[in-house]
Amino acid sequence: KAGVTQTPRYLIKTRGQQVTLSCSPISGHRSVSWYQQTPGQGLQFLFEYFSETQRNKGNFPGRFSGRQFSNSRSEMNVSTLELGDSALYLCASSLQGTTDTQYFGPGTRLTVL
Amino acid sequence: GDSVTQMEGPVTLSEEAFLTINCTYTATGYPSLFWYVQYPGEGLQLLLKATKADDKGSNKGFEATYRKETTSFHLEKGSVQVSDSAVYFCALSHGSGNTGKLIFGQGTTLQVKP
Chain A
1071 KAGVTQTPRY LIKTRGQQVT LSCSPISGHR SVSWYQQTPG QGLQFLFEYF
1121 SETQRNKGNF PGRFSGRQFS NSRSEMNVST LELGDSALYL CASSLQGTTD
1171 TQYFGPGTRL TVL
Chain B
589 GDSVTQMEGP VTLSEEAFLT INCTYTATGY PSLFWYVQYP GEGLQLLLKA
639 TKADDKGSNK GFEATYRKET TSFHLEKGSV QVSDSAVYFC ALSHGSGNTG
689 KLIFGQGTTL QVKP
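For the record, the sequence lines run as chains A and B. Counted the way my numbering counts, the first sequence spans residues 1071 to 1183. Counted the way my numbering counts, the second sequence spans residues 589 to 702.
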């Protein structure tokens, strides 16, 4: 079974731009969660989608948004980028998203200049 | 709110030494507990998990026991290898009303020297 894939792996943007990251979950998994990893704040939960609906959201500003498609693939968007948005963005998928095991992708490294 | 606390790193050990990485948690009810490992430049890989009190998770020589009475989930390995060098994260998942969210500790860096 193929694992979780994320594209692109690396991105360089400038302040004020917007960016879209993509995540393809493991086949059969319906829940996709997104996390931000930074050296200072560690791993922080952004949001979770299940059957195209956002079920849970972390404490991030509205510039961070996401969506999920009918094939469970998910995208997250960050608008009006700030220097502090530089991070590794990780996507994880699970069957139902409750206490199921989450399987992580390799991440997208976003650098904001 | 729920939280996870791990011992500060980095932890530096010689090959074949015994490893313990402490993890304690604060949560209502009965969360599921996980250990994830992150190798340089990669995402997180599940190492082991336990879903109820007194469960022992084990994988690749690592093990951890879910201790409800001490709210702990310490990671142990009897003999570490250089290839175990990585960052280890303890995490909890509390499904009820909190779907898809893992709460992570700050991570513990392990360096194993030959």
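Cβ coordinates follow ideal geometry from the N, Cα and C atoms, glycine included.
query                                                                                                      : result
Whole-angstrom distance between D642(B) and E603(B), CA atom to CA atom                                    : 29 Å
Euclidean distance between Cα positions of T697(B) and A1157(A)                                            : 19 Å
Proximity winner among Y627(B), T639(B), T600(B) and G597(B), relative to G617(B) (alpha-carbon distances) : T639(B)
Beta-carbon proximity list for S660(B), same chain, < 6 Å, skipping 5 on both sides                        : T612
Buried/exposed call for G1154(A), threshold 16 Cβ in 10 Å                                                  : exposed
P1176(A) at chain B interface by Cβ criterion, 9 Å                                                         : yes
Cutoff 6 Å; reference M1146(A); Cβ partners in own chain excluding five residues on either side            : L1091, W1104 and G1136
Candidates K701(B), Q699(B) and F677(B): closest to L690(B) by CA position                                 : F677(B)
Chain B residues whose Cβ lies nearer than 7 Å to that of G1167(A)                                         : T687 and G688
Local conformation of F1183(A) per DSSP, three classes                                                     : The amino acid occupying residue 1183(A) in the given sequence is Leu; Phe does not appear at that position. Looking at L1183(A) - three-state DSSP - the assignment turns out to be coil, as it is neither helix nor strand.
First and last residue of the uninterrupted beta strand (DSSP E) at I1096(A)                               : Looking at the DSSP string, I1096(A) is not in any beta strand (DSSP E), and its letter there is neither H nor E.
Continuous beta strand (DSSP E) stretch holding E651(B): start and end                                     : F650 to T653
Of the listed residues G1073(A), K1127(A) and G1086(A), nearest to Q1106(A) (C-alpha basis)                : K1127(A)
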